[in-house]
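Counting along the sequence shown from 1, when you hit position 175 you're at 445 in the numbering used here, and nothing is skipped either side. In this text, a Cβ means the ideal position worked out from N, Cα and C, and glycines have one as well.
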Amino acid sequence: MDNIRPDNGESITAHQRSNRTAGYDFTFNAPKSLSILYEHSKDDNLLSAFRESVHETMQEIEQKMEARVRKKGADYNCTTGNLAYAEFIHHTARPVDGIPDPHLHAHCFVMNATLDTSVFDGKEQQWKAGQFQNIKADAPYYEAAFHARLSQKIHNLGYDIETKGKFWDIAGVNQDIIDKYSHRTAQIEQVAQDNNITNAKTKSELAATTRESKTKGLTREDLSEIWDARLSNEERFTLNHLKQADGEGDNLSRAPRTNANLTLDFAINHLLERQSVAKLSNIKEQALRAGYGA
């Protein structure tokens, strides 16, 4: 974080500024239905599917990592293909009235440093600040890629997937169940309504200004009891029987609802309806979102 090598105390990157950016937080959020099901079932296969999807997406991002080359008047970005990050798995949202809801998500804090192994007059091999602009510009694609991976893994575990706009949920976890574990969303929506805020970006900023401090003193066991008490017997039965009988292994007996060609055609037609040129990452994003679970 301080840009200091732990082995010899020297700076990692060549430039050490007081206002340098230490790194960037890449956040991956599980759908609410998956968060609820994981906390209810304690099925580690669900957590593994989530973490594997995070890691696979971070590996894809890593391939696009860049650094700036400025030797002898040069000024361009080169692909380094490496990054360093720390993963933090969180299981809850910010509390409302002291009680958090289930919210499985990961923070991958990417260090602002990448090793440039390219050769420029035989001297260019050093740690540099990363160039994140293109990765950040393609964030919607990486979000879709993560959810495509996760929804397919959950489908292969034996659960049906239903698309909801840009995202998805596990079929059978109805809105009444989801609402019982969405107090934070309801809180933000209420503040927005009270202040006549309708702009999506402004509403998203309310998350930072309305959040309570994280709760201390409640164990996971305490929270499990609180969360379980919100369910009716019928809702518990529903969550216990979401998994299909053939939900083992690769789940090959359950045919996907669509295929790559269909989703690609949909994405191209959708994006070229109102514009003559579409960015490749946007086409891939739309195709992946149309094919969740498949």
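> What first and last residue would you give for the beta strand (DSSP E) that runs through I448?
Replying inline: Per DSSP, I448 lies in no beta strand (DSSP E) segment; the continuous alpha helix (DSSP H) that holds it begins and ends at Q445 to D449.
> What did DSSP end up calling V324 once you bin it into helix, strand or coil?
Replying inline: DSSP, read as helix, strand or coil, puts V324 in helix.
> So, is N382 buried or exposed, given that buried needs 16 or more other C-beta atoms within 10 angstroms?
Replying inline: Label assigned to N382: buried.
> Any idea what DSSP makes of I331, helix, strand or coil?
Replying inline: Assigned with DSSP and collapsed to three states, I331 falls in helix.
> Taking one C-beta from the segment 495–503 and one from the segment 293–301 each time, how about it: are there three or more such pairs within less than 8 Å?
Replying inline: In short, these stretches do not touch, since the Cβ pair count stays below three.
>> Contact defined as beta carbons within less than 8 Å: I believe K334 pairs with N404. What is the distance between those atoms, to the nearest angstrom?
In response: Distance from K334 to N404 at the Cβ level is roughly 7 Å; contact confirmed, criterion being Cβ atoms closer than 8 Å.
> Three or more C-beta pairs closer than 8 Å, one from the segment 413–420 and one from the segment 321–333: is that the case here?
Replying inline: Contact between the segment 413–420 and the segment 321–333 is present, with at least three C-beta pairs closer than 8 Å.
>> Judging by CA-CA distance, which residue of T291, S288, K434 and L542 is the nearest neighbour of G563?
In response: G563 has its Cα closest to that of K434, out of T291, S288, K434 and L542.
> With burial defined as no fewer than 16 other Cβ atoms inside 10 Å of the residue's Cβ, what is the status of L550: buried or exposed?
Replying inline: Only exposed fits L550, as fewer than 16 other CB atoms lie within 10 angstroms of its CB.
> If you count every other CB in all the chains shown that lies within 10 Å of the CB of R559, and 16 or more means buried, which is it?
Replying inline: It counts as buried.
> For T349, which residues from the same chain have a beta carbon less than 6 Å from its beta carbon, with the 5 sequence-adjacent residues on both sides left out?
Replying inline: Result list for T349: E336, in chain order.
> Grouping DSSP H, G and I as helix and E and B as strand, with all else coil, what is Y411?
Replying inline: DSSP places Y411 in helix when its eight states are reduced to three.
> Shortest alpha-carbon distance to W397 belongs to which of I282, L534 and G561?
Replying inline: Taking the Cα of W397 as reference, the smallest distance to any Cα among I282, L534 and G561 is reached at I282.
>> Taking only three categories from DSSP, how would you classify E459?
In response: Helix.
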